[in-house]
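The block underneath contains the structure these notes are about, expressed in structure tokens.
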Amino acid sequence: MSIGSANETTADPVPMFHPHAPRPGDPVPHIPSMAHYRAMYEESVTKPDVFFGKLAQDLLSWHKPFNQVSHGNFHEGNISWFVDGQVNACYNCVDRHALVNPNKVAIIWEADEMDHHRSITYGEVLAEVSRLANVLLKYGVRRGHAVAIYMPMVPEAVYAMLACARIGAVHSVVFAGFSADALRDRMLDAKCRLLITADQGKRGGKTIQLKNIADEALAECPAVHTVIVFQRTNDKSVPFHPPRDIWWHEETSNQRPYCPCTPMNSEDPLFMLYTSGSTGKPKGVLHTTAGYLLGATATTKYIFDLHEGDVHACMADVGWITGHSYIVYGPLSNGATTVVFESIPTYPNAGRYWDLVDKHKVTSFYTAPTAIRALRRLGDDFVKPYDLSSLRILGSVGEPINPDAWMWYHAIVGRSRCAIVDTYWQTETGSIIITPLPGCTPTKPGSATLPFFGVDVAVLDPQTGEELKGNGVTGVLAVRNSFPSIARTIYDNHARYMDTYLLPYKGFYFSGDGVSRDEDGYYWVRGRVDGTFHSLFESTQDYIVRLLTSRSAPLDVINVAGHRLSTAEIESALIKHPACAEAAVVGVPDDLTGQAIVCFCTLKSSDLDNKTLSAALTAQVRAHIGPFATPKRIIITPDLPKTRSGKIMRRILRKVAGREVVQEDLQDDAILKIKLGDLSTLADPAVVALLINSVADRL
Ligand code: 6R9
């Protein structure tokens with residue numbers, strides 16, 4: 001890429017990077033020019049049935065063709081795609097490649113231990129997935145049953161997902177960093193009867209006691225009759241309780257390495273994946289078979305510009321949607337080689353990613369801004385020694401990427417010749433919805449640029465819901481018209497699906513994010529409008545919270561290191577501690593993780609000192625949600641700021657926690673008012689000083 005014309009229309013000129021012509025020997029990109037993109041985009045939104053009808057036939061293999069391309073709308077929440085077609089996701093990801101090219105490498109597994117890696121062919125994947133599918137059938141799993149998967153990042157986690165898809169079972173993967181309570185809640189909500197887990201996990205040199213944690217969760221899940229245990233470490237001290245527990249290796253070795261695929265209706269559920277929502281209760285976002293698979297397949301093909309021989313390395317965990325779409329379904333459906341990475345970017349040192357790229361000749365690499373920021377901070381010397389010439393595309397996902405991190409990724413990792421794709425999407429959208437295309441889209445650091453095919457993005461005035469047409473506008477990000485991979489419902493709670501996504505702005509899908517469309521029509525996603533974030537949204541946030549509280553609990557989602565967390569869920573964990581009377585959790589800006597968790601707690605009587613209590617409350621959050629939700633700070637305070645009607649005023653807490661107001665400001669009411677806004681609804685104005693002092697005490 002080369003620096004081209006500056007964008008003159010914004011206050012700070014933003015450099016624009018234009019794609020380079022392919023190097024000799026590199027493939028011609030699938031979408032080679034903006035004219036191609038524009039023509040395809042135009043057709044995809046004006047004639048979606050024509051566009052997606054063709055795409056579905058080109059990219060997927062069908063057991064039975066569909067009768068109609070799309071049906072339903074956002075008004076009624078009755079979306080369906082590829083009506084009455086029959087398709088099997090596992091067949092598309094495995095069989096159709098294994099039958100033609102069984103020796104092609106499907107998965108490269110890079111273990112936590114630096115010198116340990118393994119290549120697995122499509123033929124082997126077919127055999128292993130089939131054996132496991134037969135085990136599932138033997139233990140009574142049938143089409144439509146929910147299966148929980150709580151696995152480390154080993155190829156067997158991928159087999160587990162695909163084995164479910166093969167027989168029509170609905171997988172619910174729970175990230176292996178979640179605690180026993182979180183796993184229990186998800187298994188109960190999904191009514192799982194079988195769990196697939198491992199003895200232990202390995203991550204960054206540490207051992208994770210997966211089976212112990214699973215046992216704790218299972219104690220309260222009597223409906224789970226079978227637990228398949230994969231041996232990752234073979235540690236003999238791991239508890240094993242037959243007949244409920246069965247060993248993966250013993251059972252699969254007794255099954256034949258072929259199992260027929262069950263033809264599924266396009267709209268049969270493929271999986272559910274829990275995500276943080278407005279209340280403490282996570283929601284099981286449900287994706288269906290054909291639409292999801294087409295979204296994952298098409299976006300992977302065009303955005304990572306996959307060609308024969310490419311190696312795609314997505315550094316996410318299969319426990320998140322990014323892992324589902326860009327480690328498993330997208331790359332495998334395209335017949336590419338996908339990397340399953342078990343470790344972390346800094347183990348054994350900050351060169352780990354680049355060693356992986358060099359060793360496996362990775363062509364497209366996908367990670368999160370939080371990892372990019374952390375590695376940038378550790379210095380260029382960890383990147384320099386490696387041969388990164390195989391790379392063509394570098395992706396970013398999970399949160400807005402700051403231009404500085406973007407530039408480092410581009411210059412130091414990409415050696416100024418790779419395309420950077422900043423991809424915006426959500427668990428609910430199933431696949432990427434705003435992104436550059438590597439062969440054609442000029443990029444601006446920090447902007448996810450333009451919509452993907454079929455996604456008709458609208459910017460809405462948050463208060464009136466009116467569409468803000470034209471460029472140079474800021475509002476909430478919404479989508480008009482459904483597209484194939486959009487989630488169809490929240491498992492067993494369609495009312496919540498309607499309330500959260502489709503009712504706030506009638507006729508549109510509401511993303512929960514704020515966005516600007518600049519003078520060039522480029523999108524700049526600002527982050528959740530329901531968490532802290534952009535001062536621009538101070539008033540709109542309040543509005544959205546009001547809007548949604550009339551139907552459900554306050555919407556408050558924060559993004560920590562690319563993970564979506566619900567403040568309500570963290571609060572419920574805190575108040576389970578016997579010493580905690582009340583808790584209010586906010587997100588504050590953080591250089592490394594984007595946002596960080598700050599908890600304000602009031603106490604019942606306690607003999608413990610604040611330091612001990614803070615440690616206990618931190619442990620409480622880790623135990624109830626998982627270590628990735630560890631608070632940055634616990635602030636013990638005598639009181640919380642509340643309105644006369646008893647609602648906690650989080651706006652004040654955010655500013656105090658972010659040190660936007662400090663002790664000196666207490667001297668001047670006018671300054672306080674400017675910094676904190678209207679305090680007239682506050683029941684006890686004295687609480688502001690208490691809070692500021694409590695924060696100062698901790699520093
Ligand atoms: C894929 C994924 C979704 C939320 C989303 C937004 C934030 C994701 C982003 C981004 C700015 C990007 N987000 N990608 N914000 N630029 N490129 O992360 O799914 O875990 O459901 O989170 O992440 O706030 O609403 P999920």
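Under full-length UniProt numbering, the first residue of the sequence shown is numbered 1, with each subsequent residue one higher.
Where is the CB? At the ideal position from N, CA and C, for every residue including glycine.
Open item on the list: Can you determine whether any heavy atom of ligand 1 sits closer than 7 Å to the C-beta of S511, and answer yes or no?
Closed with: yes
TODO: Compare the C-alpha of T637 against each of E660, V585 and L690 and name the closest.
DONE: L690
Open item on the list: Taking 8 Å as the limit between beta carbons, can you name the residues of its chain near H249, skipping five residues before and five after?
Closed with: F230 and Q231
- [ ] Taking C90 as the reference, give the member of H63, M114 and V105 with the closest Cα.
- [x] H63
Open item on the list: If I follow the unbroken alpha helix (DSSP H) through W81, where does it start and stop?
Closed with: Note, W81: premise wrong, no alpha helix (DSSP H); beta strand (DSSP E) at S80 to V83.
Task: C-alpha distance - K191 paired with T262, whole-angstrom precision - done: 22 Å
Open item on the list: Counting C-beta neighbours from all protein chains within 10 Å, is the total for N67 16 or more, i.e. buried, or is it exposed?
Closed with: exposed
- [ ] State buried or exposed for residue 703, treating a residue as buried only when at least 16 other CB atoms are found within 10 Å of its CB.
- [x] This structure gives no information on residue 703, because the portion of the chain shown stretches from 1 to 699.
TODO: Check whether the Cβ of N67 lies closer than 7 Å to any heavy atom of ligand 1, and answer yes or no.
DONE: no
Open item on the list: Beta-carbon within less than 8 Å of N73's beta-carbon, same chain only, minus the 5 sequence neighbours each way: which residues are those?
Closed with: I79, N481, S482 and G507
Task: Chain-order list of residues whose beta-carbon lies under 6 Å from that of I149 (same chain, five-residue window excluded) - done: A160, H171, V173 and I196
Open item on the list: Looking only at its chain, what residues have a beta carbon closer than 7 Å to the beta carbon of T643, apart from the 5 residues adjacent to it on each side?
Closed with: M649, T681, L682 and A683
- [ ] Use the C-beta contact count for E113: other C-beta atoms within 10 angstroms, 16 or more gives buried, fewer gives exposed.
- [x] exposed
Open item on the list: Assuming N212 is part of the alpha helix (DSSP H), what are its boundary residues?
Closed with: L210 to L218
Open item on the list: In the DSSP assignment, the alpha helix (DSSP H) including A374 goes from what residue to what residue?
Closed with: P369 to L378
- [ ] Taking L356 and L60 to be in contact with their CB atoms under 8 Å, please state how far apart those CB atoms are, rounded to whole angstroms.
- [x] Not a contact, Cβ separation roughly 30 Å.
- [ ] In angstroms with no decimal places, state the Cα-to-Cα distance between H97 and Y122.
- [x] 7 Å
Open item on the list: Quick check on DSSP: helix, strand or coil for D456?
Closed with: strand
TODO: Express the C-alpha separation of R256 and V154 in angstroms, rounding to a whole number.
DONE: 22 Å
- [ ] Flag P400 as yes when its Cβ comes closer than 7 Å to any non-hydrogen atom of ligand 1, and as no otherwise.
- [x] yes
Task: Spatially closest choice to V105 from D115, V94 and A111, by CA coordinates - done: V94
Open item on the list: So if DSSP puts F508 in a beta bridge, which residue, or which two residues, is it bridged to?
Closed with: R480
Open item on the list: If you follow the beta strand (DSSP E) that Q595 is in, where does it begin and where does it stop?
Closed with: G594 to L603
Open item on the list: Just checking A448 against ligand 1 - is the residue's beta carbon closer than 7 Å to any of the ligand's heavy atoms?
Closed with: yes
Task: Check: Q426 C-beta below 7 Å from any heavy atom of ligand 1 - done: yes
- [ ] Compute the minimum distance between the beta carbon of W320 and the heavy atoms of ligand 1, and state whether it is under 7 Å.
- [x] yes
Task: Within 8 Å, strictly: CB atoms of A696 and Q663 - done: yes
Task: Three-state secondary structure (DSSP) of V695 - done: helix
Task: Closest Cα partner of P22 within the set P15, H30 and M16 - done: H30
TODO: Give a yes or no on whether the C-beta atoms belonging to S33 and C440 are separated by under 8 Å.
DONE: yes
Task: Per-residue burial, G205 [other beta carbons within 10 Å of its own, 16 or more giving buried] - done: exposed
- [ ] Determine, using beta-carbon pairs with one atom in the region 516 to 523 and one in the region 465 to 474, whether at least three such pairs fall under 8 Å.
- [x] yes
TODO: Confirm the yes/no value for this check: CB of T489, any heavy atom of ligand 1, distance under 7 Å.
DONE: no
Task: Three-state secondary structure (DSSP) of Y366 - done: strand
Task: Nearest-angstrom Cβ-Cβ length linking T338 and P331, presumed shorter than 8 Å - done: 4 Å
- [ ] Assuming F17 contacts P442 (C-beta within less than 8 Å), just tell me the rounded distance between them.
- [x] 6 Å
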